[in-house]
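Undergrad:
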DNA sequence: CCCTGTTTTAAACGCTTGTTTAAAATTGCT
DNA sequence: AGCAATTTTAAACAAGCGTTTAAAACAGGG
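Protein chains in written order, with the working numbering: chain A, 15 to 228; chain B, 15 to 228.
Here you go:
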């Protein structure tokens, strides 16, 4: 009896599934397509992973993990908040340059309306667990950060990181630019976003805080 | 012979198809599902629209049209640029509150990797045709607008409008808030986004322009 | 009231889907 | 080498897919 096989087969399937699922979504691809991408039989996919759904769950949760990892690493440092956010923006653009399809993948599959939804409440708990939200509130009370809702801070950060990658195809068509041009554009855009967000969230000097709080 | 029928059948199918396609995507639903949603036979769907793909094309292009309409209406006015952008943000949040799934729908289906892609170059040409991009360049040359790339301006506007709707499910889970709470959040967020973007793009007083231009 | 064209239906088409089966190939061990 | 467990294969399964067919139901004008 073999206890620990080469495992390259199982891994090859996982690797292929990751590529195919992320590129086309759960309902946009077939089991046979994944098998072919891994260079093997359909039955093997179900031999190692019980079903298409079971395999998908593994891939999806791994993607979520990857996505959260860099975020958590930044938030768990002991730098001042402004530096943390700067680092977050930097790391996020780095990550998304490498895996530009992951946000679309996560958002689409989370919003899938076919009853086969995966529960992620536990996954997101660990963001709150870093204490980043509390840190924001402290800085806000101290008058060093603009007093806007924490949810809006999250929205500002995520919008300006993720959309440029999710909506790449649209933007490229609107402005008629090539893939290479857009890649350069994103490098520039990261700087703009950082400058704008940090400037807005941490207004130096006499700027009025509490602008939108009632 | 009947020249102009009630037409309610054709319209009912289109209405049902719109709902189903936008909610689940092209590959996420079936012809029979659309037929059932419209309360009729599968064959009828293909009697009025030749195929699932043909029906999809109609729905997709209508969604694109709806999406662009409010944008064009704003851009074709003769208000000063800053007012135009304020109006754009307002109208866009209004539109997206009503049809929150359209951006995801457009972005996903545009990026679909199965060779059945719809060409939209013509559609996007009409944005450029409003002269909004030229107007930005004029304002930049006159020193009234921050000198950043036009593509980045588009990115900033679209990111902060569309992501809050596309990523709603994620944000709600991260902060554990309800649908109603999030709806209120979005009203507040629109104000924040407007203030931040206008403040950044049209820096009053002594602020240094040309910050990221080399 | 039948006749012509249109709209709707039920049933079938061939094909692909996810999944299972059972036999073949491979492996590790003694 | 021989045996038992594991891995891989080809083939089949029912179910569902998009699409087509042919007949039924319906409409209005003579």
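C-beta atoms are modelled at their ideal positions from N, C-alpha and C, and glycine is treated no differently.
Going by beta-carbon coordinates alone, are residue 56 of chain A and residue 64 of chain A separated by less than 9 Å?
TA: In the first chain, counting from the first residue as 1, residue 56 of chain A sits at position 42. In the first chain, counting from the first residue as 1, residue 64 of chain A sits at position 50. Cβ atoms of residue 56 of chain A and residue 64 of chain A: not closer than 9 Å.
Undergrad: Kindly list the residues whose CB is nearer than 6 Å to the CB of residue 224 of chain B, restricted to its own chain and excluding five residues on each side of it in sequence; keep chain order.
TA: Translated into positions along the second chain, residue 224 of chain B becomes position 210. Reliability of the predicted coordinates at residue 224 of chain B is poor, the pLDDT of 47 falling under 50, and the value obtained from them is presented with this limitation in mind. Result list for residue 224 of chain B: 161, in chain order.
Undergrad: I want to see whether chain B comes within less than 9 Å of residue 154 of chain A, judged by CB atoms only; does it?
TA: If you number the first chain from 1, residue 154 of chain A lands on position 140. Chain B contact via Cβ: absent.
Undergrad: Classify residue 107 of chain A: buried if its beta carbon has 16 or more other beta carbons within 10 angstroms, exposed otherwise.
TA: The residue given as residue 107 of chain A occupies position 93 in the first chain. Residue 107 of chain A comes out buried.
Undergrad: Taking the alpha-carbon positions, what's the residue 191 of chain A to residue 163 of chain B distance?
TA: As a working mapping, residue 191 of chain A is identified with position 177 in the first chain. As a working mapping, residue 163 of chain B is identified with position 149 in the second chain. Near 13 Å, if we compare the C-alpha coordinates of residue 163 of chain B and residue 191 of chain A.
Undergrad: Closest Cβ-Cβ distance between residue 226 of chain B and chain A: below 9 Å?
TA: Indexing the second chain from 1 puts residue 226 of chain B at position 212. Low per-residue confidence applies at residue 226 of chain B: pLDDT is 46, beneath 50, and the placement is therefore not dependable enough to give any value.
Undergrad: Would you give the residue range spanned by the alpha helix (DSSP H) that residue 43 of chain A belongs to?
TA: Within the first chain, numbered from 1, the residue matching residue 43 of chain A stands at position 29. Run containing residue 43 of chain A: none; DSSP gives neither H nor E here.
Undergrad: Quick check: is the beta carbon of residue 146 of chain A nearer than 9 Å to any beta carbon in chain B?
TA: Numbered from 1 along the first chain, position 132 holds the residue referred to as residue 146 of chain A. No, residue 146 of chain A lies away from the interface with chain B (no Cβ there is under 9 Å from its Cβ).
Undergrad: Within 10 angstroms of its Cβ, does residue 221 of chain B collect 16 or more other Cβ (buried), or is it exposed?
TA: In the second chain, counting from the first residue as 1, residue 221 of chain B sits at position 207. Any reading at residue 221 of chain B must be qualified, since the residue scores a pLDDT of 49, below 50, and its modelled position is unreliable; the value itself is stated next. So residue 221 of chain B counts as exposed.
Undergrad: Residue 194 of chain B to residue 204 of chain B, Cα distance in whole Å?
TA: Along the second chain, read from residue 1 onward, the residue named residue 194 of chain B stands at position 180. Along the second chain, read from residue 1 onward, the residue named residue 204 of chain B stands at position 190. For residue 194 of chain B and residue 204 of chain B, the distance between alpha carbons rounds to 16 Å.
Undergrad: Spatial neighbours of residue 212 of chain A within its chain, please: CB distance less than 7 Å, with the 5 preceding and 5 following residues excluded, ordered by chain position.
TA: Numbered from 1 along the first chain, position 198 holds the residue referred to as residue 212 of chain A. Excluding residues within five positions, the ones whose Cβ falls inside 7 Å are 96, 99, 100.
Undergrad: What number of angstroms, rounded off, separates the C-alpha of residue 227 of chain A from the C-alpha of residue 109 of chain A?
TA: Walking along the first chain from the start, residue 227 of chain A turns up at place 213. Walking along the first chain from the start, residue 109 of chain A turns up at place 95. Because residue 227 of chain A carries a pLDDT of 41, less than 50, the predicted location of this residue cannot be relied on, and no value is offered for it.
Undergrad: Look up residue 79 of chain A in the DSSP assignment and say whether it is helix, strand or coil.
TA: Sequence index remark: in the first chain, residue 79 of chain A carries index 65 (1-based). DSSP places residue 79 of chain A in helix when its eight states are reduced to three.
Undergrad: Could you work out which residue in B/197, B/50, B/117 is closest to residue 79 of chain B when comparing CA atoms only?
TA: Along the second chain, read from residue 1 onward, the residue named residue 79 of chain B stands at position 65. Answer by Cα proximity: B/117.
Undergrad: Contact criterion: CB-CB distance below 9 Å. Does residue 122 of chain B meet it with respect to chain A?
TA: As a position in the second chain, residue 122 of chain B is number 108, starting the count at 1. Interface residue, yes.
Undergrad: Nearest by alpha-carbon distance to residue 132 of chain A: which of A/26, A/32, A/179, A/74 is it?
TA: Counted from its first residue, the first chain places residue 132 of chain A at position 118. Among A/26, A/32, A/179, A/74, the Cα nearest to that of residue 132 of chain A belongs to A/74.
Undergrad: State buried or exposed for residue 31 of chain B, treating a residue as buried only when at least 16 other CB atoms are found within 10 Å of its CB.
TA: Start at 1 with the first residue of the second chain, and residue 31 of chain B comes out as number 17. Under this definition residue 31 of chain B is a buried residue.
Undergrad: Answer with buried or exposed for residue 93 of chain B, where buried requires no fewer than 16 other C-beta atoms within 10 angstroms of its C-beta.
TA: To locate residue 93 of chain B, count along the second chain from 1; it is residue 79. That one is exposed.
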